[in-house]
């Protein structure tokens, strides 16, 4: 029913180019597990996306025309989806179906469980967004989020006793 519901959403809202949904969380054996503490914004936008990636790729239905030349950048392992959503959000409206239309399986080898690697990827994505240019208010918010991510990376370096990297990250 995912595709059917999302096609209907896009037909009802011709201004929207990408629609995503909530998801059910299941364990490695397919049993339901509790949802994480964060929720999706009901009005997805570039502003809300700059605060973090809340769009699971498997929940997305996207109009082909919206892609233009944009694609996933495979050099960004684990964060390529967020990078694409940020690029699309500059020129496209996003919509949200507030119910789970897919199951998301949680297991020990999910890319998202590799915290330090993911933080590095998040910083790289924000660096790219900042380099492309953002309006001043969004730039300030993106820079603040970037600083928080760097602080988190600094703590990982500190825990590894890599004082030089920790110092560099904290200074940034």
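Numbering (the working numbering), first residue to last: 411 to 582.
Using N, Cα and C, we set each Cβ at its ideal position, and we do this for glycine too.
Here the structure is a predicted model, which is why all the values come from computation and not from measurement.
Candidates the options, of which the one nearest residue i by Cα
i	options	result
residue 420	491, 463, 503, 477	503
residue 554	495, 460, 413	460
Residue i, buried or exposed, once every other Cβ within 10 Å from all chains shown has been counted against 16
i	result
residue 516	exposed
residue 547	exposed
residue 550	exposed
residue 571	exposed
residue 424	exposed
residue 462	exposed
residue 523	Its pLDDT being 46, under 50, residue 523 is placed unreliably in this model, and the value from its coordinates should be taken loosely. Result: exposed.
Supposed contact pair residue j and residue i - C-beta distance, whole angstroms, cut 8 Å
i	j	result
residue 507	residue 582	Actually they do not touch by this definition, with Cβ atoms about 38 Å apart.
residue 475	residue 428	Actually they are not in contact, since the Cβ atoms of residue 475 and residue 428 sit about 11 Å apart, beyond 8 Å.
Whole-angstrom distance between residue j and residue i, CA atom to CA atom
i	j	result
residue 544	residue 439	43 Å
residue 441	residue 510	15 Å
residue 418	residue 577	52 Å
residue 493	residue 482	8 Å
residue 529	residue 512	25 Å
ask   = Below 8 Å, can you find three or more Cβ-Cβ pairs linking the stretch 422-442 to the stretch 466-477?
value = Flag = yes, the stretch 422-442 and the stretch 466-477 touch.
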